[in-house]
Every structure is written in C-alpha cells, then in structure tokens.
Amino acid sequence: MACNQAVYTIPQGPLPGKKITIRGTPKCDASSFSINVALGPNFDSDDVAFHFAVRFDTNSVVCNDKTVCGWGKEEVHDCNFPFCKKAPFTVELLIDQCGYKASVNGNFFVSFNHRLKTGECNNFLIIKQDVDVTDVKFG
C-alpha cells in the first residue's frame, strides 16, 4: 500500500515478548520514513513510545519518543546504515521488559529503552512518509 501514513492496531498492545514485523520498500525519491509505536492513532497529537526514523539525507536512523511535552532526546545511529531507496526491507521490532530491539533484514540494528511508563498502553503502529508497506505482522 502506498503510504503517507498507515495506522495499524496492535492486538493486545505491545506487551513484552511481542514481535512486530514490517516489510516495505522506500520510494525512489524517499527522504525519510518512520515506524512508530503510539498511544493513539494520531501521530501529531498522541504520545509516541518508540519512533524509528530512517533518514536518507544523513544515512541515519533516529530513535526517540514524544509526549505532550514534546520530543525526547534523539538517539542517532549512523553506522552501517541498512536501508537503500527502492530496496525491499524487513524490520522486526521485539518488545521486552527493557524496551525495543530492532532488526533490519535479519540483523540486529538497535535497542531503545522504554522512556514512557511501562504501564501505559501503546496500541497503534503508525508508519509515515516515503515508503510502500507490503506487509505488517504481529506475533
């Protein structure tokens, strides 16, 4: 599906042990896209527990969180950038007690510690911007 923003409900929420698999292809003119685990379905107004932003202009992935107070401190990952425009990818997010572990194309890429209270329920996956999403699975 072509995507400026696609919203998916995470069945039973992102509990420890849950895995989310996203398959897609960045557009040929992509500047960025993001994968977000959010409290609600509206990226602009709802809290985001995990923001995984792929930025082609800097060949980096930025991880962060967002609350009503604004964005948290960015964690920039620019070594071994695993994405290419027009090249299919698979991102797997594994949620555990400590946070999120992201693998790209079967290789571990980054971990991100929980910043929001672990009791908060973030039931939505929001994928934004320059990407064609081919498949999303929850396990």
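The working numbering numbers the first residue of the sequence shown as 2 and each following residue consecutively. Every residue gets a Cβ at the ideal spot worked out from N, C-alpha and C, and that includes glycine.
Assigned secondary structure, T59 (DSSP; H/G/I helix, E/B strand, else coil): In the sequence shown, counting from the first residue as 1, residue 59 sits at position 58. Coil.
Inter-stretch contact at 8 Å, needing at least 3 Cβ pairs: the region 126 to 138 / the region 3 to 18: yes
Nearest residue (CA-CA) to V1, options D47, P17 and P27: Nothing can be reported for residue 1, as the shown portion of the chain is limited to 2 through 140.
Pair within 8 Å by beta-carbon distance, F52 and K74: Here the question's residue 52 lines up with position 51 in the sequence shown. Here the question's residue 74 lines up with position 73 in the sequence shown. Note that residue 52 is His in the sequence shown here, rather than Phe. No, they are not a contact pair.
Proximity winner among Y101, V111, G100 and E93, relative to I23 (alpha-carbon distances): For the purposes of this step, residue 23 is taken as residue 22 along the sequence shown, with counting starting at 1. Considering only alpha carbons, the answer is E93.
Residue of R56, W72 and S33 minimising C-alpha distance to Q50: What you label residue 50 is simply residue 49 of the sequence shown in a count that begins at 1. Correcting the residue type first, residue 50 is Ala in the shown sequence and not Gln. A50 has its Cα closest to that of W72, out of R56, W72 and S33.
Classification of F34 by the beta-carbon crowding that lies within 10 angstroms, buried from 16 upward: The residue given as residue 34 occupies position 33 in the sequence shown. So F34 counts as buried.
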